[in-house]
Each structure stands twice: as structure tokens, then as C-alpha cells.
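Read the structure below first, then the notes.
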Amino acid sequence: DHNKLALPVGTTLDRFIMRKQEDFPYATGELSQLLRDIALAAKIVNREINRSGLIDIAGAYGNRNVQGEDVQKLDVIANIRFIRALRNGGEVCTIISEEEQEMIQTGNHQGKYVVAIDPLDGSSNIDVNVSIGTIFSIYRRVSPTGSEGTEQDCLQPGTHQVAAGYVIYGSSTMLVYTTGNGVNGFTYEPSLGEFFLSHPNITIPKTGSIYSINEGISESFTPATAAFVKHCKDQNYSARYIGSLVADFHRNLLKGGIYMYPATKKSPEGKLRLMYECNTLAFIVEQAGGKSSNGQIRTMEIEPKGLHDRCPFFIGSTELVEKAEEFMASEF
Ligand code: AHM
Ligand code: MG
């Protein structure tokens, strides 16, 4: 059965998506098309990011470039690029974006999918040449096709995701995604304009010795969070915190570790967003053999109430997340 054979390193993303589709005999190819649309937008955004230092495109919103046009921030540009790609691709009826308060209707009433996206996460890192990322989740709409997507289509729990992924614009650009059948990573070769399979079947180590949390705000940690961080130090774990979620997650995924953005006094629900940050990475980490929760409830089982809900976030190697949950149990 050739479909079940692992595809070799070096397979292009397009070919990989095509071959994976063959594993589902009745697949119509719409999800495959949608993944290709996202990959194309990622290439465009990657190009803009790489040029940002040169053409001052990263200037403050409202600046003017040499042509006298308004210069837009990269997160605004990324938002425009991804929305355009999803609208033109035709498979998506509705988009949730970190950049926009309301649902975005694409006008594709036949589109069967809903996408939740943070087009460019870690924007405070752009100006200082630190890795940034795009984070996306794909859901099947629940309302019938033929009209706009509804709030019900958008507010589905993470367990309903059909695909999830991120792009990391780092020392190299990578796209990592899952359709619920393991996690695969593709590295971008800019001179060829292609993503190539470089990290087949990613699995996260069962445990690790890295903890990632913003300790600058430790004064506002709850006692349980503070106790768990103390535990990490007692174990002599390394502290690693870039402040760019995708980059911090990606490192811990490959090396093992735990990333935390807990509830704080200032933000009792934490900082990160359920729909296009936490659920996305939760699906990926579980597919890689790891774990994600709010300290008690599995992230993907949290019922979303609003498009931009936040939740406390503990994600990474299974043993470390379970240890964190033991500490957090005193708070629930
Ligand atoms: P952003 O969406 O405004 O870019 O913020 C999200 C970022 C994440 O990338 C990162 O994990 C987190 O905020 C860092 O927050 P903090 O600076 O509070 O540690
Ligand atoms: Mg963000």
C-alpha cells in the first residue's frame, strides 16, 4: 500500500499534500487546496519580512515610504496577505484574525472551512530581527454551505480542528502542520521558492529540561505557578524565553520542555488567545505526543465563548505539563 509509505525528506510540500490526500479516497482536495493557499501566502509574507530591514517597510503605521505611500506594519501586511489568499482560494467562508475584532466574511458561501489565524505573532520582535510566526487553525463549518459562516462555525472547541499549523520566520523559514495524522515540518528554500520536507513525523521528547515563561512578571504569578517555576529551578532546568510564541514553542517541540503563559493578576485568563494561538499549538503538540492544558482542562476541550478568548497555557512535554498540573491542582 504505497500511500502508507513515509515520504522521504526532500519531498516538496505540494507533493506531500497531494500524496497525503490520496490516503483519503473520498477527499475532494479542498483542504489540500486550502493548505496550499496558506503556504503561498506564507511565502509572500516571508519575502516581506526578509526585506523589512532594507525598505523600511517595518516603520510605524502611518509612516510614508519613498514612493510617498503609507507604510504599513508587517503584521498589518501579513493580515492582508493571508486574508487575500484565503478569499481568492475559495475554500474558506469565514476567517477569525487576531488583527480584526469581528469575523471576516470572505464572500465564498460555498466554502466549507473556517480559518482562525494570527497572521504575524510576536510583532514586538520584528524591529529587532527576532523570529516571528504565523499561527493557523482550520475547522469544517457546521452551518450549511450557501451562505455566510456563522458565529457557531467559528466558536468550535479545538478538538474539532481538521488541521493546524504554524510558520516560523527564523534563521530559516519553516512550515509545521498536522491534519491529525502526525506532525511534519518543511523548510523553505528561498532560491527555489519551495518548502521541502525536512522534519518528518516530529515527536516531542516525553520530558525535557527547558522551561519557558516570562519571569519578569513573577510578582503577579499565583502561588501555584510560582511554586512550579521554583520546582523547575530546583531541577536545574534551563530558562529559555524568546518572547515569540512560535519560536519558543518550536524549540521546545524539538528539544523537549514546557512553555507557560499562566494567569496573572493583570490578566486572570492569561495573555494568549484560545482560537489562534493555544488550540493550534495544542493540536500540534498532542499529535507530536505532548500535552497542553490551562493547568486543569485540556486546552482543546475548553468551550470558546468569544472569538478572542484568552486562556492560561501550559504546553510541551507530557511529563512536564503533568507536573505543572499537579502544582496547579491546588488552585482549582
Ligand atoms: P502579540 O500577539 O501582541 O505579538 O503577543 C503575543 C506574544 C507571544 O508571541 C509571546 O509568547 C507572548 O506575547 C509574550 O508575552 P510577554 O511579553 O508578556 O512575555
Ligand atoms: Mg499573537
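Residue numbers (full-length UniProt numbering): 2 to 333. For every residue, glycine included, the Cβ atom is placed at its ideal position computed from N, Cα and C.
Residues near Arg141 by beta carbon distance below 7 Å, same chain, minus five either side: For this step, residue 141 is matched to residue 140 along the sequence shown. Lys113, Tyr114 and Val163.
Are there 16 or more other CB atoms within 10 angstroms of the CB of Asp2, so buried, or fewer, so exposed? Counting from 1 along the sequence shown, the entry for residue 2 is found at position 1. Any answer about Asp2 is weak, because its pLDDT of 42 lies below 50 and its placement is not dependable; what the coordinates show is given next. So Asp2 counts as exposed.
Return the CA-CA distance between Ile205 and Leu246, expressed in angstroms with no decimal places. Numbered from its first residue, the sequence shown carries residue 205 at position 204. Numbered from its first residue, the sequence shown carries residue 246 at position 245. Cα to Cα, Ile205 sits roughly 17 Å from Leu246.
Please work out which residues of its chain come closer than 6 Å, Cβ to Cβ, to Ala79, disregarding the five sequence neighbours upstream and downstream, and give them in chain order. Your numbering for residue 79 matches position 78 in the sequence shown. Around Ala79: Val46, Pro120 and Leu121.
Quick one: complete alpha helix (DSSP H) runs, 4+ long, within the stretch 199-266? 224-235 and 246-256
If you run the structure through DSSP and keep just helix, strand and coil, what is Cys94? Sequence index remark: in the sequence shown, residue 94 carries index 93 (1-based). DSSP places Cys94 in strand when its eight states are reduced to three.
Less than 8 Å between the C-beta atoms of Ile169 and Ala248, yes or no? If you number the sequence shown from 1, residue 169 lands on position 168. If you number the sequence shown from 1, residue 248 lands on position 247. Yes, these two residues count as a Cβ contact at 8 Å.
Quick check: Gly317 and Gly209, are their CB atoms within less than 8 Å of each other? For the purposes of this step, residue 317 is identified with residue 316 of the sequence shown, where counting begins at 1. For the purposes of this step, residue 209 is identified with residue 208 of the sequence shown, where counting begins at 1. Cβ distance < 8 Å, so Gly317 and Gly209 count as in contact.
How far does the alpha helix (DSSP H) with Thr281 in it reach, from first residue to last? The residue labelled residue 281 in the question sits at position 280 within the sequence shown. Segment Asn280 to Gln288, the alpha helix (DSSP H) holding Thr281.
Given the structure, does Asp310 come close to the ligand AHM, in the sense that its CB is under 7 Å from one of the ligand's heavy atoms? For the purposes of this step, residue 310 is identified with residue 309 of the sequence shown, where counting begins at 1. No.
Taking 8 Å as the threshold (C-beta atoms), are Val116 and Leu87 in contact? As a first step, residue 87 must be located in the sequence shown, where it is residue number 86. As a first step, residue 116 must be located in the sequence shown, where it is residue number 115. Yes, the Cβ-Cβ distance between Leu87 and Val116 is below 8 Å.
Quick one: what's got a C-beta closer than 6 Å to Phe17's C-beta in the same chain, skipping five residues either side? Position 16 of the sequence shown, counted from the first residue, corresponds to residue 17. Result list for Phe17: Leu8 and Leu198, in chain order.
Mapping the DSSP letters down to three states, classify His3 as helix, strand or coil. Residue 3 sits at position 2 when you count from the first residue of the sequence shown. Its pLDDT being 45, under 50, His3 is placed unreliably in this model, and the value from its coordinates should be taken loosely. Reduced to three states, the DSSP call for His3 is helix.
To the nearest angstrom, how far is the alpha carbon of Ile211 from that of Gly123? Position 210 of the sequence shown, counting from 1, holds the residue named residue 211. Position 122 of the sequence shown, counting from 1, holds the residue named residue 123. Whole-angstrom Cα-Cα distance: 20 Å.
Just checking Glu278 against the ligand MG - is the residue's beta carbon closer than 7 Å to any of the ligand's heavy atoms? The sequence position of residue 278 within the sequence shown is 277, counting from 1. At least one heavy atom of the ligand MG is nearer than 7 Å to the Cβ of Glu278, so yes.
Per DSSP, which one or two residues make a beta bridge with Met175? Sequence index remark: in the sequence shown, residue 175 carries index 174 (1-based). According to DSSP, Met175 bridges with Ile169 and Thr188.
In chain order, what residues of the same chain lie with their CB nearer than 7 Å to the CB of Ser33, ignoring the 5 residues before and after it? Residue mapping note: residue 33 aligns to position 32 of the sequence shown, counting from 1. Once the five neighbours on either side are set aside, the close Cβ partners of Ser33 are Ile18, Met19 and Gln22.
Does the pairing of the stretch 94-103 with the stretch 149-166 give three or more beta-carbon distances under 8 Å? With contact defined as three or more Cβ pairs closer than 8 Å, the stretch 94-103 and the stretch 149-166 are in contact.
Less than 8 Å between the beta carbons of Ser331 and Phe315, yes or no? In the sequence shown, residue 331 corresponds to position 330, counting from 1. In the sequence shown, residue 315 corresponds to position 314, counting from 1. Not closer than 8 Å, so no.
Nonlocal neighbours in the same chain, by C-beta distance under 7 Å from residue 373, ignoring five residues either side: Because the chain here runs from 2 to 333, residue 373 falls outside it and cannot be looked at.
Exposed or buried, Asn66, counting other C-beta atoms within 10 Å across all chains shown (16 or more means buried)? If you number the sequence shown from 1, residue 66 lands on position 65. In this prediction, Asn66 scores a pLDDT of 49, lower than 50, which makes its location untrustworthy; the coordinate-derived value is nonetheless stated afterwards. Classification of Asn66: exposed, given that the 10 Å Cβ count is below 16.
Would you report the Cα separation of Gly54 and Asp15, rounded to the nearest angstrom? Here residue 54 refers to the residue found at position 53 of the sequence shown. Here residue 15 refers to the residue found at position 14 of the sequence shown. Approximately 30 Å between the Cα atoms of the pair.
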